[in-house]
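Position in the sequence shown counted from 1, then plus 267, gives you the numbering used here.
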Amino acid sequence: MVSQVPPPVLTPVVLVLGDEELLVARAIADAAAQARAADPAAEVREVETGAMLVGELAELLSPSLFGGVRVVVLRAAQDAKKDVTAVLLDYAKSPDPDVTLVVAHAGGAKNKALADSLTKAGASVVPAAKLTKHRDRVDFVTGEVRRLGGRCASDAAEALIEAVGNDLRELAAACNQLMADTGGRIDQATVARYYRGKAEVSGFAVADAAVAGDVPAALEALRWARHSGVDPVPIADALADGVRTVARVASAGRGNAYQLASTLGMPAWKIEKAQRQARGWTPDALVLAMRAAADCNAAVKGGEEDRDYALERTIVAFAQAKQAGGGR
Numbered sequence: 268m269v270s271q272v273p274p275p276v277l278t279p280v281v282l283v284l285g286d287e288e289l290l291v292a293r294a295i296a297d298a299a300a301q302a303r304a305a306d307p308a309a310e311v312r313e314v315e316t317g318a319m320l321v322g323e324l325a326e327l328l329s330p331s332l333f334g335g336v337r338v339v340v341l342r343a344a345q346d347a348k349k350d351v352t353a354v355l356l357d358y359a360k361s362p363d364p365d366v367t368l369v370v371a372h373a374g375g376a377k378n379k380a381l382a383d384s385l386t387k388a389g390a391s392v393v394p395a396a397k398l399t400k401h402r403d404r405v406d407f408v409t410g411e412v413r414r415l416g417g418r419c420a421s422d423a424a425e426a427l428i429e430a431v432g433n434d435l436r437e438l439a440a441a442c443n444q445l446m447a448d449t450g451g452r453i454d455q456a457t458v459a460r461y462y463r464g465k466a467e468v469s470g471f472a473v474a475d476a477a478v479a480g481d482v483p484a485a486l487e488a489l490r491w492a493r494h495s496g497v498d499p500v501p502i503a504d505a506l507a508d509g510v511r512t513v514a515r516v517a518s519a520g521r522g523n524a525y526q527l528a529s530t531l532g533m534p535a536w537k538i539e540k541a542q543r544q545a546r547g548w549t550p551d552a553l554v555l556a557m558r559a560a561a562d563c564n565a566a567v568k569g570g571e572e573d574r575d576y577a578l579e580r581t582i583v584a585f586a587q588a589k590q591a592g593g594g595r
């Protein structure tokens, strides 16, 4: 006798808390997928809560004459009127077992009582707040790759964020693309290979190699950056920013990056990166490098005709300064 697998148990009330659209959309999609696993014919209804009347809500949540599983999604629940809020809270005390109610609340102070009361009533809470900290975005990227079945180191995630930006949809799409093309192992070299054409990455790639004293890597990065049409000005700015950041972090002494963040006025991830780059640099060497960066800025912004040579000269000057200071 073949045993039957029981259908999945529906989550009666799901509170999606936050206004990061990608996370909100995923939470809603997950609830719909769970419902359709229980009933392939499950109906999904999405409505804007602010425009809803009590009678409409009652109709959506009332037992169906024809049975079947339903998913009711209330978007922008923070805009719910008082009478609608009252009906929602009353329903949450005894929800219909054939209905999954998804309440999408943007978070914040507006109608916070609704979110708090649903949480106390036992709603399953799905966090969907915007990711404002760099560390959280790094975790998102590494988690996204892991969700897709791959592996991504933190430094590769940071490189991807520098290349693509902070938009989660674009980051998720980039993770999907890299996973499809790499077989699942994503490192810094992989990201650099795919995103060399972006100006903001090009400048930082040149600066990172130059601050490390790696002349061949810095010159190679400079060549493809210029070949891709990147103007010398942002590259010169990145060189100046790179050595200036290392100097500021080095002068602050050793310490936890998160503790130094408020003192230095820069994000903790940038401090951690500069702390790694500062190894091998002496104060005198940093002074020489900052002078070279200042000369480079003057050269590429109108002082010299051969701006590429000015950039190359600065890369070499960084390495010479670091070696003169005893660094490697």
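Note that CB positions come from ideal geometry on N, CA and C, so glycine has one too. Model, not experiment: these values are computed from the prediction.
Cut-off 6 Å between Cβ atoms - residues of its own chain near residue i, not counting five sequence neighbours on either side
| i | result |
| --- | --- |
| Thr457 | Thr449 |
| Glu571 | Ala577 |
Best match in the options for proximity to residue i [C-alpha to C-alpha]
| i | options | result |
| --- | --- | --- |
| Val369 | Ala353, Ala488, Ala302 | Ala302 |
| Leu328 | Gly569, Ser361, Leu427 | Ser361 |
| Gly520 | Ala507, Glu539, Ala503 | Glu539 |
| Tyr461 | Leu290, Ala485, Ala423, Asp508 | Ala423 |
| Ala371 | Thr316, Lys348, Arg404 | Thr316 |
| Pro499 | His401, Val354, Leu427, Val567 | Val567 |
| Leu282 | Ala560, Ala344, Ala305 | Ala344 |
| Asn433 | Ala447, Leu415, Asp403, Thr278 | Asp403 |
| His401 | Ala586, Lys348, Ile428 | Ile428 |
| Ala373 | Ala485, His494, Ala552, Gly285 | Gly285 |
| Pro394 | Ala292, Gly522, Ala552 | Ala292 |
| Met557 | Ala586, Asp573, Arg418 | Ala586 |
Alpha carbon of residue i to alpha carbon of residue j, nearest angstrom
| i | j | result |
| --- | --- | --- |
| Leu555 | Ala430 | 30 Å |
| Gly389 | Lys537 | 40 Å |
| Asp481 | Ala474 | 10 Å |
| Trp491 | Ala477 | 15 Å |
| Ala528 | Gly569 | 35 Å |
| Pro501 | Lys589 | 23 Å |
| Glu287 | Ala318 | 22 Å |
| Ala472 | Ala507 | 13 Å |
| Leu277 | Val354 | 21 Å |
| Ser384 | Ala294 | 20 Å |
| Leu415 | Gly451 | 8 Å |
| Asp306 | Leu445 | 34 Å |
| Ala304 | Val392 | 21 Å |
| Ala447 | Ala359 | 42 Å |
| Asn443 | Ala488 | 26 Å |
| Asp365 | Gly335 | 7 Å |
| Arg548 | Ala541 | Per the sequence presented here, residue 548 reads as Trp, with Arg not at that position. In a straight line, the C-alpha of Trp548 is about 11 Å away from that of Ala541. |
| Leu356 | Ala296 | 23 Å |
| Ala545 | Ala559 | 17 Å |
| Ala299 | Thr367 | 8 Å |
Opening and closing residue of the alpha helix (DSSP H) in which residue i lies
| i | result |
| --- | --- |
| Ser518 | 499-518 |
| Val408 | 401-414 |
| Glu572 | Taken as a continuous stretch (DSSP letters only), Glu572 belongs to no alpha helix (DSSP H), as it is neither H nor E. |
| Glu487 | 482-494 |
| Gly547 | Unbroken run through Gly547: none, as it is neither H nor E. |
| Ser421 | 421-431 |
Own chain partners of residue i with C-beta closer than 8 Å, once the 5 adjacent residues on each side are dropped
| i | result |
| --- | --- |
| Asp350 | Val321 |
| Leu289 | Leu435, Arg436, Ala439 |
| Asp504 | Gly470, Asn564 |
| Asp346 | Glu315, Thr316, Gly317, Lys377, Asn378 |
| Val272 | With a pLDDT of only 48 at Val272, under the threshold of 50, the placement of this residue in the model should not be trusted; the figure read from the coordinates follows. Here the set comprises nothing. |
| Leu531 | Arg515, Val516, Ala519, Ile538 |
| Thr352 | Asn378, Ala380, Leu381 |
Check: residue i C-beta below 7 Å from any heavy atom of the ligand PLP
| i | result |
| --- | --- |
| Ser495 | With respect to small molecules bound, the structure shown includes none, and the ligand PLP cannot be examined in it. |
Limits of the unbroken beta strand (DSSP E) element including residue i
| i | result |
| --- | --- |
| Ala371 | 366-372 |
| Ser391 | 391-394 |
| Leu282 | 280-284 |
| Leu341 | 337-342 |
| Arg608 | Because the chain in this structure spans residues 268 to 595, residue 608 falls outside the shown range and cannot be described. |
| Glu216 | An answer regarding residue 216 cannot be provided, because it is not within the stretch 268 to 595 covered by the chain. |
| Arg312 | 310-315 |
Beta carbon proximity, residue i to chain B, threshold 8 Å
| i | result |
| --- | --- |
| Arg402 | Absence of chain B from the displayed structure is noted, only one protein chain being present. |
Close Cβ partners of residue i (< 7 Å) along its chain, the five nearest in sequence each way excluded
| i | result |
| --- | --- |
| Asp454 | Ala420, Ala423 |
| Ala426 | Gln455, Val458, Ala459 |
| Asp363 | Leu328, Pro330 |
| Arg493 | Asp575 |
**Prompt:** Okay, do the region 335-352 and the region 301-319 touch, 3+ Cβ pairs below 8 Å being the bar?
**Reply:** Under the three-pair Cβ rule at 8 Å, the region 335-352 counts as touching the region 301-319.
**Touch test, the region 372-387 against the region 398-418, Cβ-Cβ under 8 Å, three pairs minimum** = Segment contact: the region 372-387 against the region 398-418, fewer than three CB-CB distances shorter than 8 Å; contact not assigned.
**Message:** Under 8 Å, with one C-beta from each stretch per pair, do the region 512-527 and the region 579-586 reach the 3-pair mark?
**Reply:** At 8 Å Cβ cutoff, the stretches do not touch.
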